[in-house]
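Below is one structure, written out as C-alpha cells, with a few remarks after it.
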Amino acid sequence: MLNRMVGKGSKLVGCGSATPKLSLSNDYLSNIVETSDEWIATRTGIRNRKVLSDGETLTSLAVESSGKALEMANIKPDEIDLVLLCTSTPDDLFGSAAQIQRELGCSKALAFDITAACSGFVLGLITGSRYIKGGGFENVLVVGADALSRYVDWTDRNTCILFGDGAGAVILQATNHDQDSLLGFNFRSDGHGQKHLHAFVGSEDLKEKTYAVDDNGAAFLPSRASPAFIRMNGKEVFRFAVRCVPETVEAALEEAGLSGHDLDWLLLHQANQRILDAVAQRLQIPSERVISNLASYGNTSAASIPLALDEAVRNGKVRPGDVLAIAGFGAGLTWGSAIIKWG
Ligand code: COA
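In the UniProt record's numbering, the protein residues as written are 1 to 343.
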C-alpha cells in the first residue's frame, strides 16, 4: 500500500546506458549522400552514430540500460513503483514502457510512455520526481530511449547526418525533502514552431476500396498510417536552441537559488557541438565544464542526456554531490531544464 505522504525529495541513485552494435561513420554516410566527414564534423561535431540492426529493438536497448541502472542503485526490479519511458519512437505505437516493466520483472510498477521529443528525458525526470513528491512512490525508473534511424530519410543530407539511436536510464529514489536532488526546473512548449521540425505521420489512402457509403452518399475511405520522415529547417532550430536554452537554464537556476558559477557541469541535449558552445558561452560556463559525447553517437534524442550522464558518471567525471544543469530542446517545439545533484 502506497504511503501518499507529500513533500518527499528525489535522489538520483543509479544510471545506465546502451547503444546499438552498428556504428556508421561520416565517411560511410558520404557513400549514401553527397557529404563529407569534414563538412559534418565542422558544422556539428559529429563523427559517428549508432543505429539499430540485427534484431535489436528500442525495448532491448531500454532494458539493457535500465538493468545497469538497477545494478548501480542496488535495487531489485520488484522494488520499482513506476517505469517512465521517454521516447518518440516506441516499438509499439501504444507505448513500450510496459514491455520494459515486463522484461525487467518490475512486477508492481505502473509503466507508461512520455513523448516530448528531445526534451523527453528532462520532462520524464521532472514527472518521476512529482510522483515521489506527491504520490508516495519510492523508486522510479526513468528511461530516455530513441531510434530516430527508423524515421530518418536516408536520402536527405540535411537530416540523416545528425541522428543516432541509443538509450539511457536513471533511478530516482524517495528521500527527505531537504536532500532533494532536483534543485530547480523549468519547462516550456510552443506549437507554433512545429513547422521547423516534425515527422508527420503520412496517410496512405486505400482509394480502390470504399468500405461504406452513408445515407447522404458520403464514402468512408479508411486510411493507413505510413511511416513518417523527419523534416527540419536546421537554421531555425539552431536559432531556437541558442535563444531558448540559456533562458530555461537561467530560470531553473533562479528557482534553485543558484548561478552558473555554482554548476559543476552543463549537460545539454547532444544535438550539435556549436549549439553546446554557444549556450555555454551565453551562460559563461567554461568549455571544460561542458559534457559532450555527440562525436561518437550523434543526436540520440531523448536518450542523449542520460547516455552522456552515464558515461560521465562511470568514467569518474561526475562525482557524488556534483551539481549539473541538464537541458533538453527539440520538436514540439519543447524545451526545458533541471538543476540536479548527482548521488
Ligand atoms: N553535407 C554537405 N553539405 C550540406 C549538408 C551535408 N550533410 N547539409 C547541407 N549542406 C549544404 C546545404 O545544401 C547548403 O548548400 P548551399 O549553400 O549550396 O545551399 C550548405 O551546406 C549550408 O547549409 P545550411 O543548412 O545553411 O548549413 P548550416 O550551417 O545551417 O548547418 C545544420 C546545417 C543542420 C548542421 C545546422 O543548421 C544545425 O545543426 N541546426 C540544428 C539542427 C538540430 O540540432 N536539430 C535537432 C534539434 S533536437
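Where a beta carbon is used, it is the ideal one built from N, C-alpha and C, also for glycine.
Backbone secondary structure at residue i - three-state DSSP
i: Leu52; result: coil
i: Gln173; result: strand
i: His269; result: coil
i: Trp335; result: strand
i: Cys86; result: strand
i: Arg231; result: strand
i: Ala327; result: strand
i: Phe240; result: helix
i: Asp310; result: helix
i: Arg319; result: coil
i: Ala147; result: strand
i: Arg47; result: coil
i: Arg157; result: coil
i: Phe121; result: helix
i: Gly202; result: strand
i: Ala280; result: helix
i: Gly260; result: helix
i: Lys21; result: coil
i: Val245; result: helix
i: Ile32; result: coil
i: Leu253; result: helix
i: Gly193; result: helix
Between the CA atoms of residue j and residue i - distance to the nearest angstrom
i: Glu288; j: Gly202; result: 44 angstroms
i: Gly9; j: Leu29; result: 46 angstroms
i: His261; j: Ile285; result: 7 angstroms
i: residue 368; j: Phe200; result: Since the displayed the chain opens at 1 and closes at 343, residue 368 lies outside it and no answer follows.
i: Asp310; j: Asp214; result: 57 angstroms
i: Lys21; j: Ser53; result: 7 angstroms
i: Trp39; j: Cys244; result: 26 angstroms
i: Asp27; j: His192; result: 36 angstroms
i: Gln173; j: Ala278; result: 34 angstroms
i: Arg47; j: Ile291; result: 16 angstroms
i: Asp92; j: Gln101; result: 14 angstroms
i: Leu266; j: Ala280; result: 8 angstroms
i: Glu236; j: Ser189; result: 16 angstroms
i: Phe240; j: Pro246; result: 11 angstroms
i: Leu70; j: Arg43; result: 37 angstroms
i: Lys195; j: Asn233; result: 8 angstroms
8 angstroms Cβ cutoff met for residue i and residue j
i: Lys68; j: Tyr297; result: no
i: Gly16; j: Ala145; result: no
i: Lys133; j: Gly7; result: yes
i: Leu324; j: Gly166; result: no
i: Leu268; j: Ala327; result: yes
i: Asp299; j: Gly164; result: Residue 299 is actually Asn in this sequence, not Asp. Yes. Within cutoff.
i: Leu123; j: Ser66; result: no
i: Ile171; j: Val63; result: no
i: Ile75; j: Ala109; result: no
i: Leu85; j: Ser129; result: no
i: Thr59; j: Ser96; result: yes
i: Ala117; j: Gly332; result: yes
i: Thr155; j: Val33; result: yes
i: residue 357; j: Gly45; result: Given a span of 1 to 343 for the chain in the structure shown, any question on residue 357 remains unanswerable.
i: Phe121; j: Ile305; result: yes
i: Val249; j: Leu283; result: yes
Limits of the alpha helix (DSSP H) - the one that residue i falls within
i: Ser60; result: Leu58 to Ala73
i: Ile40; result: Asp37 to Thr44
i: Asn26; result: Asn26 to Leu29
i: Leu294; result: Leu294 to Tyr297
Host beta strand (DSSP E) of residue i (start-end)
i: Ile114; result: Leu110 to Ile114
i: Gly14; result: Gly9 to Ala18
i: Arg289; result: Element bounds for Arg289: n/a, residue is neither H nor E.
i: Ser96; result: Per DSSP, Ser96 belongs to no beta strand (DSSP E) and is neither H nor E.
i: Phe185; result: Leu182 to Ser189
Distance cut-off 7 angstroms: residue i Cβ against heavy atoms of ligand 2
i: Arg43; result: Ligands present in the displayed structure are limited to ligand 1, and ligand 2 is not among them.
C-beta neighbour in chain C for residue i, strict 8 angstroms
i: Arg43; result: No chain C appears in this structure, which consists of one protein chain only.
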